[in-house]
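Chemist: Take this structure first; my questions come after.
There are 2 protein chains.
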Amino acid sequence: MAKQVVPETARQRRRPTRNGTVLSEQIIVETALRMLREHGSTGLTARRLGAALGADPSTLYRYFAGMDDLTRAIGDELMGRALDNWTATGDWRTDLRALGRAIYGAYLAHPQAALLTASRVTGRPREIAVDETVLGILRGAGLPDPATVHVYHAFIDQSLAFAALDAGSLALADEARAGDEDMWKSTYAQLPAATHPHIAATAHLLARRMPHSAYPAALEMLLEHTAAQLTRAGV
Amino acid sequence: MAKQVVPETARQRRRPTRNGTVLSEQIIVETALRMLREHGSTGLTARRLGAALGADPSTLYRYFAGMDDLTRAIGDELMGRALDNWTATGDWRTDLRALGRAIYGAYLAHPQAALLTASRVTGRPREIAVDETVLGILRGAGLPDPATVHVYHAFIDQSLAFAALDAGSLALADEARAGDEDMWKSTYAQLPAATHPHIAATAHLLARRMPHSAYPAALEMLLEHTAAQLTRAGV
DNA sequence: AGGTAAGGTCAACCCTGTTGGCATAAGAGC
DNA sequence: GCTCTTATGCCAACAGGGTTGACCTTACCT
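From first to last, the protein sequence lines are chains A and B.
Counting from 0, one number per residue, gives the positions in the first sequence under numbering that gives the first Met the number 0.
Counting from 0, one number per residue, gives the positions in the second sequence under numbering that gives the first Met the number 0.
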């Protein structure tokens, strides 16, 4: 590797780019988020990002090992925003619900970015901070460690998984204007009752339900399950 | 559009390619699946697929509108395999559990393909067949239509979402040999108790739990919830 | 004030999806 | 069996992708 990535904290010389802007990991990530929103989930390219920053594309390699590394940094930024939008109350159920929605919300606020990053474990600082927080909530509620780990695992994976899935249709709807919300009316509702009796019978309900996320329902199921575990543990 | 895609059923002239193979949607999709396994989730390219088929890359455009269209066909193939691996018993709980695991399993059997397709609604025939089956199981159990749609939505999204997420780490592990299962020992277990007390306290449990999927647990939560709904409906 | 090297730029590499034009042989009609 | 049509294969080319190695310049340390 000819180029070496210098960690943000160790940066000292801040040389401005040709057109005057001074770069930083933060600025690059923010610009990338903006470009994702404007140009769609496949619209983030090194050349375009360079142009938006007023810098040569290759300059990015001074800050990130590659586009993949940048992608993980974007994911970590979303995790950080989720945590910033969350405050502890002390009640485990309230806190876990709020944190779940904060994570889900932070990702869905940037569907195109979520699509790229939600199914990836970054191992970066702010992702770790979220993990620590979740474990703290559960252990603080008095849940035994094995159950804590069990619920934590389901919680974090479920939140990310639904964020990724729902971001998909949301980003698609944004990008292809029409969106496939209409698909429930155009495709599914047209299926004949003879071959697809159950879809035909519930088509009107499906059309109303499918555009919404199943995440809240799944989250409540998880909270119910956790409460049951707590009672069982005699808390 | 210069080239027109002819639907598989309307194909009559089957002209062999230069090296003798006769193409079909089925053969292309199967070859694509094999290439994904061998070259990773980003290893499916028009040129490589063409080479593997002994055909010019542009020939693919006689069968699919583009790589995107091919991707959706791959997803539908996985859905079909899921349904093939499933048989009804008449007990809703058994059937739904088995179908969930069949879907999850079919996708995880091809992690690289799952990564590409799991977060996309294809609207193709075999995906629709799965939807019809799920709705049939729930309505057959006596669940009222609104609750049926509610559970169906959570079920299908949850299954796909977890498949995508878990396929991610599985594909990663395959592609980067090392795998990030070790990350729980290398990264998380090294965090000092002073700054991350909860991670430190549960590190040994996390290391054992994280390599496994949270899907079975989430699926059981959904089944529990459904059973409760059935009792509430007086079935 | 001078030297070092961080951090910017430039040109080039090989890859990608996709298309328009062309060639050929499969199968229909006789 | 012959002919004609056109479905379906191939070829060459395009724009745009990530990434790299060599080079230049200027911010900072001594």
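Think of the CB as a built atom: it goes at the ideal place given N, C-alpha and C, for glycine as much as any other residue.
Just so you know, these numbers come straight off a predicted model, no measurement behind them.
Would DSSP call Y62 of chain A helix, strand or coil?
Modeler: Here Y62 of chain A sits in coil by DSSP.
Chemist: Once the 5 residues before and after R46 of chain A are set aside, which same chain residues still bring their CB inside 8 Å of it?
Modeler: Answer for R46 of chain A: P56, listed in chain order.
Chemist: Compute the distance between the beta-carbons of A159 of chain B and L164 of chain A, then report whether it is under 8 Å.
Modeler: According to the sequence provided, residue 159 of chain B is Leu. The question's Ala does not apply to it. Contact flag set, yes.
Chemist: Residue ranges of each alpha helix (DSSP H) run of no fewer than 4 residues wholly in the region 0-49 of chain B, ordered along the chain?
Modeler: With a minimum length of 4 residues, the continuous alpha helix (DSSP H) runs that stay inside the region 0-49 of chain B are 24-38.
Chemist: Against chain A, does D94 of chain B count as a neighbour if the rule is that its beta carbon must be under 8 Å from one of theirs?
Modeler: With 8 Å as the cut-off, D94 of chain B does not count as an interface residue toward chain A.
Chemist: Measure the alpha-carbon distance for E219 of chain B versus W91 of chain B and round it to whole angstroms.
Modeler: The alpha-carbon atoms of E219 of chain B and W91 of chain B are separated by roughly 13 Å.
Chemist: Just checking: is the beta-carbon of R14 of chain A within a distance shorter than 8 Å of some beta-carbon in chain B?
Modeler: Taking Cβ atoms only, chain B never reaches closer than 8 Å to R14 of chain A, which makes this a no.
Chemist: Less than 8 Å between CB atoms is the rule here; does A97 of chain B satisfy it with respect to chain A?
Modeler: Output row for A97 of chain B: interface = no.
Chemist: Is it buried or exposed, R61 of chain A, if we count other Cβ atoms within 10 angstroms and call 16 or more buried?
Modeler: Exposed, by the Cβ-count rule.
Chemist: For W85 of chain B, which three-state DSSP category applies?
Modeler: In this structure, W85 of chain B counts as coil in the three-state DSSP scheme.
Chemist: So with Cβ pairs under 8 Å, would you call M0 of chain A a contact of chain B?
Modeler: Residue confidence is low: M0 of chain A scores 40 on pLDDT, short of 50, so the model does not pin down where it sits. Its coordinate-derived value is still stated next. By this cut-off, M0 of chain A is not an interface position.
Chemist: Rank B:L169, B:V150 and B:T132 by C-alpha distance to the C-alpha of H211 of chain A and give the top, closest one.
Modeler: Measuring from the Cα of H211 of chain A, the nearest candidate turns out to be B:V150.
Chemist: CB-CB under 7 Å to Y103 of chain B, same chain, minus the five flanking residues each way: which ones, in chain order?
Modeler: Within the same chain, Y103 of chain B has close Cβ partners S158, F161, A162 and Y214.
Chemist: If you drop the 5 nearest sequence neighbours on each side, which residues of the same chain put their C-beta closer than 6 Å to that of V4 of chain B?
Modeler: Cβ within range, chain order: A64.
Chemist: So the alpha helix (DSSP H) T230 of chain A belongs to, where does it begin and stop?
Modeler: Run containing T230 of chain A: Y214 to R231, per the alpha helix (DSSP H) assignment.
Chemist: What's the gap between the Cα of L115 of chain B and the Cα of A193 of chain A?
Modeler: Taking the straight line joining both Cα atoms gives about 33 Å.
Chemist: In the region 133-164 of chain B, which residues sit with their C-beta less than 7 Å from some C-beta in chain A, listed in chain order?
Modeler: Listed by position along the chain: L134, G135, R138, D144, P145, T147, V148, H149, H152, A153, D156, Q157, L159, A160, F161, A163 and L164.
Chemist: Once the 5 residues before and after G49 of chain B are set aside, which same chain residues still bring their CB inside 6 Å of it?
Modeler: Within the same chain, G49 of chain B has close Cβ partners D55 and P56.
Chemist: So what's H195 of chain A in DSSP terms, helix, strand or just coil?
Modeler: Here H195 of chain A sits in coil by DSSP.
Chemist: Note down the Cα distance separating S105 of chain A from M34 of chain B, rounded to an integer number of angstroms.
Modeler: For clarity, residue 105 of chain A is Ala in the given sequence; the question names Ser instead. Going from the Cα of A105 of chain A to the Cα of M34 of chain B covers about 35 Å.
Chemist: Using the C-alpha atoms, what's the distance from E24 of chain A back to E29 of chain B?
Modeler: Going from the Cα of E29 of chain B to the Cα of E24 of chain A covers about 42 Å.
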